[in-house]
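Asker: Heads up: take any position in the sequence shown, counting from 1, add 147, and you land on my numbering. Beta carbons are placed, not taken as given, at the ideal position from N, Cα and C, and that holds for glycine. One structure coming up, written as structure tokens, with questions to follow.
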Amino acid sequence: MKKIFILCALLVTLFASVCSAEPVSDYCKLDQGKWIWLSSTDYQGTFFDRTSVERVPDKNEKKVWVCTYTWVDDTFGKGMHYVYVRYGINYDNYTAYMEKGAVQDENLNTIKSYDKLKYNPQPIREGTLLDRLAKRVKAFGNEEK
148 MKKIFILCAL LVTLFASVCS AEPVSDYCKL DQGKWIWLSS TDYQGTFFDR TSVERVPDKN
208 EKKVWVCTYT WVDDTFGKGM HYVYVRYGIN YDNYTAYMEK GAVQDENLNT IKSYDKLKYN
268 PQPIREGTLL DRLAKRVKAF GNEEK
């Protein structure tokens, strides 16, 4: 009986710690009222801006801003960086493309901006982060903008 009690206590403790885990790092400076968490690891997190979701008129398509914050040590410098990409998601053929983007440093100063990325729709594969984004975004932005 004592072993069952100890096992139950361990499971409850484990369950509570997993459920209360914060998906957002203390380094992340994104407004959590605006940015919705999609995925994270020990060194990066990915979010989408729920306020930016918009329907493309006369198409089964939506556009949304996505931000990935990550630690880098490259040509953009060293430290936390925020990589923003505006995606277009076509639900008829389940493809996505990148429209424009920007890179910001840990102080949210823009380092590089990309106004027009090459239009190159790619299939969205089941189980990927892009698939998760497409499914979450589908419910947003249904009102006219």
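The alpha helix (DSSP H) that contains K176, what's its start and end?
Answerer: Here the question's residue 176 lines up with position 29 in the sequence shown. Where K176 is concerned, there is no enclosing alpha helix (DSSP H), given that its DSSP letter is neither H nor E.
Asker: Based on Cα-Cα distance, which residue from P268, K225, R202 and M245 lies nearest to Q251?
Answerer: For the purposes of this step, residue 251 is taken as residue 104 along the sequence shown, with counting starting at 1. Ranking P268, K225, R202 and M245 by Cα distance to Q251 puts K225 first.
Asker: If you scan the region 214 to 264 from start to end, which runs of the beta strand (DSSP E) of 3 or more residues do you find wholly inside it?
Answerer: If we require 3 residues or more, the beta strand (DSSP E) runs fully inside the region 214 to 264 come out as 224 to 237, 242 to 251 and 257 to 261.
Asker: How would you write the range of the alpha helix (DSSP H) that D196 sits in, first residue to last?
Answerer: Here residue 196 is taken as the residue at index 49 of the sequence shown, counted from 1. That residue, D196, is in no alpha helix (DSSP H); its beta strand (DSSP E) goes Q191 to D196.
Asker: Pick out whichever of Q179, P204, C175 and L264 has its Cα sitting closest to the Cα of W218.
Answerer: The count along the sequence shown starts at 1 and reaches residue 218 at position 71. The option with the nearest alpha carbon to W218 is C175.
Asker: How about V284 and V203: do their beta carbons lie closer than 8 Å?
Answerer: Taking the first residue of the sequence shown as 1, we reach residue 284 at position 137. Taking the first residue of the sequence shown as 1, we reach residue 203 at position 56. Going by C-beta atoms, V284 is not nearer than 8 Å to V203.
Asker: Sorted by chain position, which residues of the same chain lie with C-beta nearer than 6 Å to V230's C-beta, five sequence neighbours on each side aside?
Answerer: Along the sequence shown, read from residue 1 onward, the residue named residue 230 stands at position 83. If we look at V230 and ignore the five residues flanking it on each side, its Cβ neighbours are T215 and V250.
Asker: Which one of G274, A243, M227 and S187 has the shortest CA to CA distance from K267?
Answerer: As a position in the sequence shown, residue 267 is number 120, starting the count at 1. Note on residue identity: the sequence assigns Asn, not Lys, to residue 267. Of G274, A243, M227 and S187, the residue nearest in Cα terms is A243.
Asker: Figure out for me which residue from Q191, N237, T222 and R233 has the closest Cα to the Cα of S199.
Answerer: Sequence index remark: in the sequence shown, residue 199 carries index 52 (1-based). Looking at the Cα atoms, R233 is the closest of the given residues.
Asker: Who are S199's beta bridge partners in DSSP?
Answerer: Indexing the sequence shown from 1 puts residue 199 at position 52. Note: S199 sits in no beta bridge, so no partner.
Asker: Taking the C-alpha atoms as reference points, what is the distance between E240 and K259?
Answerer: Translated into the one-based positions of the sequence shown, residue 240 becomes position 93. Translated into the one-based positions of the sequence shown, residue 259 becomes position 112. Residue identity check: residue 240 is Asn in the sequence provided, not Glu. Computed Cα separation, rounded: 31 Å.
Asker: Check K282 in the structure and name its three-state DSSP category.
Answerer: Walking along the sequence shown from the start, residue 282 turns up at place 135. Correct three-state label for K282: helix.
Asker: Here's a check: name, in chain order, each residue in its chain whose Cβ is nearer than 7 Å to the Cβ of L264, leaving out the five neighbours to either side.
Answerer: Stepping through the sequence shown from its first residue, residue 264 is reached at position 117. M245, E246, K247 and G248, listed in sequence order.
Asker: How big is the Cα-Cα spacing for K282 and L255?
Answerer: Here residue 282 refers to the residue found at position 135 when the sequence shown is read from its first residue. Here residue 255 refers to the residue found at position 108 when the sequence shown is read from its first residue. Cα to Cα, K282 sits roughly 28 Å from L255.
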